[in-house]
Amino acid sequence: MPKLFEPLTLRSLTLRNRTVVSPMCQYSCQMGLANDWHLVHLGRFALGGFGLVIVEASAVEAAGRISYGDVGLWTDAQIEPLKRVVDFLHSQGAAAGIQLAHAGRKASAMPPWKPSVTEEEKPRIGYEEWQPVAPSAVPHAEGWKMPHALSVAEIAALVEAFAQSARCAEEAGFDVVELHGAHGYLIDQFLSPLANKRTDEYGGSLEKRMRFALEIVAAVRRVWPQEKPLFMRFSVQDWHPDGWQIADSVELAKRVKALGVDVIDCSSGGFDGARIEAAPLYQTPFAEAVRSGADIATMAVGLIGDPHDAEAVLAEGKADLIALARPALEDPHWPINAMRALDPAGDFYALYPRQAAFAVRALDRALSRE
Ligand SMILES: Cc1cc2nc3c(=O)[nH]c(=O)nc-3n(C[C@H](O)[C@H](O)[C@H](O)COP(=O)(O)O)c2cc1C
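With this note's numbering applied, the sequence shown corresponds to residues 191 to 560, in that order.
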């Protein structure tokens, strides 16, 4: 059996295979409430055979949303609509994850597919705008909002917000929480010298810049059940000579592993001025470096749409899981089709929902494909 389809056990969770849907913002909520869009959008990936489906960056407080349309998990009312998604994913054999996030100074932005809004539209789409927060009063880039620099007391409240959100995730029935420590959002803003200009105990040395991240991991691990795995997404490097580097990520991975993180989801970039060299598998070396450097399971992500590439990443020991974002949008049945490509004799019908499996098999027979 290809490695891509071997189950993986993390604490008490066994994933049916190594394919994961990477978190993807949909900008389709009002007041942070998931709705039918999220059910159908995420549900299709469970029908397509993915092992784990991770809900988009979900804000731990209202001001932590990238846009007014983000999913939120800061209040009880937001639990039930997410539970509906979780229950459906489970009913189709997929595990359910959620990415807990705070956008920091990149908050209160516009959805990429709706860059402007008219006065008349605002009440109908639930438009909101606010001043973002950040480690330092430095905007992300020209044209971005000036953030408020967090006080030490406000930092402590945000650490608690992450823990409170993890409690809500448990109540919604999620199997995995992923902490969003990447892409130039709040946790990453504390980590990277490109955004963190503080001179107190949360800025300066690597140790001090890691402090916010480590406090969040410890607080979340205290409330997130011991039997459930905790993931953390890193921007393993900033692609910037003055920024966060791979060696910093290896150090952070060792530290968060000691606090109970099970998997590092290895992404990169997110700050202005980054020179990213995107190409197939371009972030896989980061997953490999963190995996070998910190002896921790990793998830590779970024332009891994070719099933043979995905299989090679696992077979060569570079990562333990393969996450897909855009290739999953292009083909929500990616795992089934990957199994067809990698293992034509394999039982890929078992990955279809039973309502479809018998009919697809009949189609294959009629076309002499079986
Ligand atoms: C529509 C869209 C929304 C995204 N939203 C998130 C997000 O909520 N959190 C996150 O960490 N990354 C987000 N990403 C990045 C993806 O998770 C992924 O890391 C990136 O697209 C590279 O993987 P790919 O080449 O398989 O698309 C998003 C990407 C896309 C295309």
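Even for Gly, the Cβ is constructed at its ideal location relative to N, Cα and C.
Computed from a predicted model, the values in this text were never measured in an experiment.
Exercise. Give every residue of the same chain whose Cβ lies closer than 6 Å to the Cβ of G495, excluding the five residues on either side of it in the sequence, and list them in chain order.
Key: Position 305 of the sequence shown, counted from the start, is the residue given in the question as residue 495. Within the same chain, G495 has close Cβ partners P517.
Exercise. Using 10 angstroms around the beta-carbon of D537, count the other beta-carbons present and answer buried if the total reaches 16, otherwise exposed.
Key: If you number the sequence shown from 1, residue 537 lands on position 347. Exposed, by the Cβ-count rule.
Exercise. Let me know the secondary structure DSSP gives D521 once reduced to three states.
Key: Numbered from its first residue, the sequence shown carries residue 521 at position 331. D521: coil per DSSP, three-state reduction.
Practice problem: Report back the beta-carbon spacing between G374 and F461 to the nearest angstrom; my notes put them in contact at under 8 Å. | Solution: Walking along the sequence shown from the start, residue 374 turns up at place 184. Walking along the sequence shown from the start, residue 461 turns up at place 271. Indeed they touch by this definition, with Cβ atoms about 5 Å apart.
Quiz item: Roughly how many angstroms separate the alpha carbons of L340 and A385, rounded to a whole number?
Solution: Translated into the one-based positions of the sequence shown, residue 340 becomes position 150. Translated into the one-based positions of the sequence shown, residue 385 becomes position 195. About 13 Å.
Practice problem: Measure how close the beta-carbons of I512 and T209 come, nearest whole angstrom, since I'm counting them as under 8 Å. | Solution: Position 322 of the sequence shown, counting from 1, holds the residue named residue 512. Position 19 of the sequence shown, counting from 1, holds the residue named residue 209. Indeed, because the Cβ distance is near 6 Å, the residues count as touching under 8 Å.
Quiz item: Going by the beta-carbon positions, is the gap between S439 and V491 smaller than 8 Å?
Solution: What you label residue 439 is simply residue 249 of the sequence shown in a count that begins at 1. What you label residue 491 is simply residue 301 of the sequence shown in a count that begins at 1. No, they are not a contact pair.
Exercise. Flag A252 as yes when its Cβ comes closer than 7 Å to any non-hydrogen atom of ligand 1, and as no otherwise.
Key: Counted from its first residue, the sequence shown places residue 252 at position 62. No, the beta carbon of A252 sits no closer than 7 Å to any heavy atom of ligand 1.
Quiz item: Can you tell me whether G316 is buried or exposed, with buried defined as 16 or more other CB within 10 angstroms of its CB?
Solution: Your numbering for residue 316 matches position 126 in the sequence shown. Its Cβ having fewer than 16 others within 10 Å, G316 is exposed.
Practice problem: State yes or no: is the C-beta of G492 nearer than 7 Å to some heavy atom of ligand 1? | Solution: Position 302 of the sequence shown, counting from 1, holds the residue named residue 492. Under cutoff, so the answer is yes.
Quiz prompt | Span of the alpha helix (DSSP H), counted from its first residue to its last, around H228 | solution = Position 38 of the sequence shown, counting from 1, holds the residue named residue 228. Looking at the DSSP string, the run of the alpha helix (DSSP H) that includes H228 is D226 to L237.
Practice problem: Tell me, to the nearest whole angstrom, how far the beta carbon of L493 is from that of Y472; I am working on the premise that it is less than 8 Å. | Solution: For this step, residue 493 is matched to residue 303 along the sequence shown. For this step, residue 472 is matched to residue 282 along the sequence shown. Yes, they are in contact, since the Cβ atoms of L493 and Y472 sit about 6 Å apart, within 8 Å.
Quiz item: Would L553 be called buried (16 or more neighbouring beta carbons within 10 Å of its own) or exposed?
Solution: Start at 1 with the first residue of the sequence shown, and residue 553 comes out as number 363. Exposed, since its Cβ has fewer than 16 Cβ neighbours within 10 Å.
Quiz item: Quick one: what does DSSP say L198 is sitting in, helix, strand or coil?
Solution: Translated into the one-based positions of the sequence shown, residue 198 becomes position 8. Strand, per DSSP.
Quiz item: For G239, which residues from the same chain have a beta carbon less than 6 Å from its beta carbon, with the 5 sequence-adjacent residues on both sides left out?
Solution: If you number the sequence shown from 1, residue 239 lands on position 49. Result list for G239: P525, I526 and L541, in chain order.
Quiz prompt | Whether V245 touches L272 by CB criterion (8 Å) | solution = In the sequence shown, counting from the first residue as 1, residue 245 sits at position 55. In the sequence shown, counting from the first residue as 1, residue 272 sits at position 82. It is a contact, given that the beta carbons lie within the stated cut-off.
Quiz item: Rounded to whole angstroms, how far is the Cβ of D260 from the Cβ of G222, which I believe are closer than 8 Å?
Solution: Along the sequence shown, one-based indexing puts residue 260 at 70. Along the sequence shown, one-based indexing puts residue 222 at 32. Their Cβ separation, rounded to whole angstroms, is 7 Å, which keeps D260 and G222 in contact under 8 Å.
Self-check item: Sheet register partners of A593 (DSSP bridge)
Solution: Outside the shown range of the chain (191 to 560) lies residue 593, about which nothing can therefore be said.
Quiz item: Just curious, the alpha helix (DSSP H) that V210 is in, first and last residue?
Solution: Walking along the sequence shown from the start, residue 210 turns up at place 20. Element bounds for V210: not the alpha helix (DSSP H) but the beta strand (DSSP E), T209 to V211.
Quiz item: Hey, would you say the C-beta of R516 is under 7 Å away from at least one heavy atom of ligand 1?
Solution: If you number the sequence shown from 1, residue 516 lands on position 326. R516: yes, Cβ under 7 Å from ligand 1.
Quiz item: Sorry if obvious, but does the Cβ on G492 come closer than 7 Å to a heavy atom of ligand 2?
Solution: For ligand 2, the structure offers nothing, since it holds only ligand 1.
Quiz item: Can you tell which of R530, E405, I436 and A546 has its C-alpha closest to the C-alpha of P192?
Solution: Walking along the sequence shown from the start, residue 192 turns up at place 2. Among R530, E405, I436 and A546, the Cα nearest to that of P192 belongs to R530.
Self-check item: Near ligand 1: S425 beta-carbon under 7 Å from a heavy atom
Solution: Stepping through the sequence shown from its first residue, residue 425 is reached at position 235. No, Cβ of S425 sits at least 7 Å from all heavy atoms of ligand 1.
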